[in-house]
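The opening residue of the sequence shown carries number 81 in the working numbering; numbering runs sequentially from there.
We treat Cβ as the ideally placed atom computed from N, Cα and C, and that holds for glycine.
Okay, so here's the structure we're looking at.
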Amino acid sequence: MKNVRAIPHREVVHRLLKRPGFRQGYEEELHKLRLVEALVGLRQRQGLTQAALAKRLKVNQPFIAKLERAETHNFTLDTLLKVVEALNGELVIKIRQRAPRYAHA
């Protein structure tokens with residue numbers, strides 16, 4: 081039986097990030113996941129279940145579950161604001177210009 085060396089996840093991601101198309105998609109998803117992580121954290125710190133949050137929003141619990149798994153792609157700003165309000169949270173958005181990633185010749 082041939083020994084197979086497993087490549088660590090970090091190394092696989094590092095290699096894939098060198099591909100421009102992959103990098104762009106990865107960064108877009110990372111932004112979404114950070115947003116979802118903040119919503120889940122706020123809900124959990126308040127001791128709310130998904131069902132309790134759903135009741136506040138007058139939606140069903142599976143909707144909250146999908147939102148928290150980032151399966152509800154491209155939810156609207158209105159939806160985001162409603163969720164934040166239901167969590168008695170504050171939405172703070174900071175927009176700034178990115179530093180250049182690559183030197184242009």
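Handout entry: Cβ pair Glu165, Val120 closer than 8 Å
Key = no
Exercise for the section: Would you kindly check if the distance between the Cβ of Arg103 and the Cβ of Leu97 is under 8 Å? Expected result: yes
Exercise for the section: Go through its chain and collect everything with a Cβ distance to Leu122's Cβ below 6 Å, but skip five positions before and after it. Expected result: Leu167 and Gly169
Problem - Simplified DSSP state of Phe102, which is helix, strand or coil - result: helix
Exercise for the section: Write down every uninterrupted run of the beta strand (DSSP E) in the region 105 to 148 whose length is 3 residues or greater and which is fully enclosed by it, in chain order. Expected result: none
Handout entry: Endpoints, the alpha helix (DSSP H) within which Leu160 is located
Key = Leu157 to Ala166
Exercise for the section: For Val93, name the three-state secondary structure that DSSP assigns. Expected result: helix
Practice task
Look at the Cβ atom of Gln141, then the Cβ atom of Ala134, and state whether they are nearer than 8 Å.
Solution key: yes
Practice task
Report yes if the C-beta distance between Val116 and Leu137 is below 8 Å; otherwise report no.
Solution key: no
Practice task
Can you tell me which of Tyr106, Lys82 and Asn83 puts its alpha carbon nearest to the alpha carbon of Leu92?
Solution key: First, the amino acid is wrong: residue 92 is Val here, not Leu. The shortest Cα separation from Val92 among Tyr106, Lys82 and Asn83 belongs to Tyr106.
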